[in-house]
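What follows is a short report on a single structure.
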Amino acid sequence: NLARKHGRMVQHGTQTRSAGGVREGIEYLQSGKLGKIRMAKAINCQLRGPIGRVADSETPPGVNYDLWLGPAPKRPFNRNRYHYNWHWFWDYGTGDTGNDGIHQIDIARWGLGVEMPNAVSCSGTQLFYDDDHETPDTQIATFEYDDVYLMYEMRLWTPYGLEGHDNGNIFYGDEGTMSIGRKGWQVTFKNGKEGPGGSRGSYSHAENFIKAVRCRKASDLNADVEVGHRSATLCHMANIAMRVGRRLEFDATNERFIGDAEANTYLTKQYRKGYELPVL
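Listed below in structure tokens is the structure:
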């Protein structure tokens, strides 16, 4: 809302939307040549090494740790909670679902042409790590829409590319499937024959942003802030459903869970004194 109010260009960091080959693949997907696309599976199955167990320690010289913590709870310095591993702790991060998974969820949502889901279910745990991680290394989420499903599958210990990609998407249509990811895109028709495909192409995310800044048209952004917000919301929804352990129905207009007070408490956090979110 503030970006719109003040006429600011804000590009979200889902840069895959600016990869030329991916844009070509999505255009083919949405052309109708694969019939109705009824489901997408976002795949985040790379290898992330364990982080071990690290004791609290003194804050390194030159680090303003209070400022680094910001609104998060005050606690002793710990290397595992600092760069880059802060992603794996709920005080600061969203696990790999909100770290790398958002890139796949965003493409799945784009390909299906959907916004906010009606409901979400998610389960997750640690099957691989035995260390300081709080967030899961294995996670499966299902987002329910009126007539399509979006699935998210995460394993941080299987970089095998069994479905063509370690990180990517599979779209399932009446007339065939499309795989799309870091290696490019490929169509397979329902008779088993390969169809069109192509490379991922190079990213032009910064270039796209600069052009939008110059022409002052938010509609020219490949990943406008609202687009990013919607994809990020799905990541939060999955994590919340996992943490409360049940299927959640969602009011997309008000961005609240329906009839679940516990789940709604996860939609915000307690901000530490001095770092409260300002009212603008």
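Quick note: to get my numbering, add 46 to the position in the sequence shown (first position is 1). Virtual Cβ for every residue (Gly too), placed ideally from N, Cα, C.
As a quick exercise: from the options, pick the residue whose alpha carbon is nearest that of residue i.
i, options, result
"Phe123", "Ala101, Asp142, Asp137", "Ala101"
"Met70", "Ile226, Ser103, Met55, Tyr138", "Checking the sequence, you will find Glu at residue 70 rather than Met. Ranking the options by Cα distance to Glu70, first place goes to Ile226."
"Tyr175", "Cys168, Ser167, Trp203", "Trp203"
"Lys315", "Arg201, His129, Tyr138, Arg121", "Tyr138"
"Ala298", "Glu73, Asn126, Val166, Tyr111", "Val166"
"His251", "Gly170, Thr60, Thr181", "Thr60"
"Asn126", "Met224, Glu308, Gly98", "Gly98"
"Glu240", "Arg54, Lys229, Thr223, Val273", "Thr223"
"Gly247", "Met55, Val68, Arg50, Leu48", "Val68"
"Glu161", "Asp192, Ile304, Pro107, Asp112", "Asp192"
"Glu322", "Thr181, Gly244, Pro117", "Pro117"
"Arg50", "Arg121, Val290, Glu272, Arg293", "Glu272"
"Lys263", "Leu48, Arg54, Asn47", "Arg54"
Buried or exposed: which applies to residue i, given that a residue is buried once 16 or more other Cβ atoms fall within 10 Å of its Cβ?
i, result
"Pro119", "exposed"
"Tyr198", "buried"
"Thr62", "buried"
"Ser277", "buried"
"Cys261", "exposed"
"Asp142", "buried"
"Gly95", "exposed"
"Ile72", "buried"
"Asp112", "exposed"
"Arg121", "exposed"
Quick check: the Cα distance between residue i and residue j, rounded to an integer number of angstroms?
i, j, result
"Arg318", "Gly66", "43 Å"
"Pro242", "Gln232", "6 Å"
"Ala269", "Lys257", "13 Å"
"Asn300", "Asn310", "12 Å"
"Gly327", "Val259", "Coverage of the chain is limited to positions 47 through 326, which leaves residue 327 absent and any answer about it impossible."
"Ser265", "His52", "15 Å"
"Arg155", "Tyr195", "10 Å"
"Asp146", "Ala284", "14 Å"
"His282", "Pro324", "22 Å"
"His129", "Gly320", "23 Å"
"Lys79", "Ala86", "16 Å"
My assumption, with CB atoms under 8 Å, is that residue i sits in contact with residue j. Please give the rounded CB distance.
i, j, result
"Glu295", "Asn164", "7 Å"
"Gln57", "Leu267", "5 Å"
"Leu75", "Phe189", "Not really, about 18 Å apart at Cβ, beyond 8 Å."
Inter-stretch contact (C-beta, 8 Å, three-pair minimum) for the segment 120–135 and the segment 150–170 | Output reads no: the segment 150–170 does not touch the segment 120–135.
| Can we say the segment 203–222 touches the segment 235–243, given the rule of at least three CB pairs closer than 8 Å? | The segment 203–222, when compared against the segment 235–243, does touch it at the 8 Å Cβ threshold.
Review point. Given 8 Å as the limit, is there contact between the segment 207–217 and the segment 87–96, that is, 3 or more CB pairs closer than that?
Key: yes
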